[in-house]
Amino acid sequence: MPWLIFFGVFAAVVVVALWLIAAYNKLVRLRVDADNGWSQIDVQLKRRYDLIPNLVETVKGYASHEKETLDAVISARAKAVSVHDASNAGAKEMGMSEGMLTQALGRLIAVAEAYPDLKANTNFLSLQEELSSTENKIGFSRQHFNDTVGRYEEARQSFPVNIVAGVFNFEKRDYFEITEPAAKEAPKVSF
């Protein structure tokens with residue numbers, strides 16, 4: 337009879353250990369998915385940052401007296417790049433700087449609309465198309481990231497997995513949100 341108690345306790349310990357391992361591995365998998373989602377945003381943002389100087393230079397050739405708008409785009413890009421490059425920048429900080437950049441780009445595109453020669457320039461049209469495509473990819477990447485963060489946070493906060501998350505320091509993740517209402521839309525690109 338004592339050996340039955342021993343095997344019962346042993347079986348219970350094994351079941352609890354297997355559950356702990358499964359819960360830990362689930363949290364790791366979800367954290368890796370969120371990291372992957374963030375890296376996809378990162379790739380698209382770098383692509384966007386690379387396009388902006390070319391777009392500004394093209395507009396500058398046709399609308400050089402629109403210095404304030406051009407400077408605003410350059411300044412917003414510089415701010416976004418510096419936040420992006422900061423090792424401790426989180427989704428909230430990125431969302432704020434990207435919102436300002438999106439607003440500045442929207443103003444740049446609006447300025448370009450006033451110049452028919454610029455709108456007909458093949459280089460400008462190509463850059464506009466690239467920017468529009470990149471904005472769509474950023475949106476899809478942001479949606480994927482926020483979905484993975486949602487699954488991670490749901491698992492991290494659910495009982496009893498939250499105990500494992502607390503013991504092994506699975507930290508809270510923020511969503512990538514654009515906080516400024518006017519910046520929640522991609523720049524309007526029209527031909």
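Quick note on numbering: my numbering labels position 1 of the sequence shown as 337, and the sequence is numbered without any gaps.
C-beta: ideal position from N, C-alpha, C; glycine also.
field: Given M430 as reference, the closest of A456, Y360, I474 and A359 once Cα atoms are compared
entry: The option with the nearest alpha carbon to M430 is I474.
field: Three-way DSSP call (helix, strand, coil) for G426 in this model
entry: Three-state result, G426: coil.
message: For F278 and F512, which I take to be in contact (beta-carbon distance under 8 angstroms), what is that distance rounded to the nearest angstrom?
response: With the chain covering only 337 through 527, there is no way to say anything about residue 278.
query: DSSP three-state call for Y360: helix, strand or coil?
result: It is helical.
task: Report the option in K362, A427 and E404 whose CA atom is closest to the CA atom of R478.
output: Selected option, being the one with the closest Cα: A427.
message: Buried or exposed, going by whether 16 or more other CB atoms sit within 10 Å of the CB of E434?
response: Its Cβ being crowded by 16 or more others within 10 Å, E434 is buried.
Buried or exposed (CB count within 10 angstroms, at least 16 for buried), I377: Buried, by the Cβ-count rule.
Contact set for Y385: own chain, Cβ-Cβ below 8 angstroms, skip 5 residues either direction: Excluding sequence positions up to five before and after Y385, its CB lies within less than 8 angstroms of the CB of R413, A416, V417 and H420, all in the same chain and listed in chain order.
- prompt: When you compare each of A347, V395, L437 and D371 to N457 by their alpha carbons, which one comes out closest?
  reply: Checked all of A347, V395, L437 and D371; the closest Cα to N457 is V395.
L463 versus Q439 - alpha carbon distance: Between L463 and Q439, the C-alpha separation is close to 17 angstroms.
- request: Please classify A440: does DSSP put it in a helix, a strand, or coil?
  value: Helix.
message: For a quick check, are the C-beta atoms of F408 and L454 less than 9 angstroms apart?
response: Looking at the sequence provided, one finds Ala at residue 408 rather than Phe. No, the pair does not count as a contact, with Cβ atoms beyond the cut-off.
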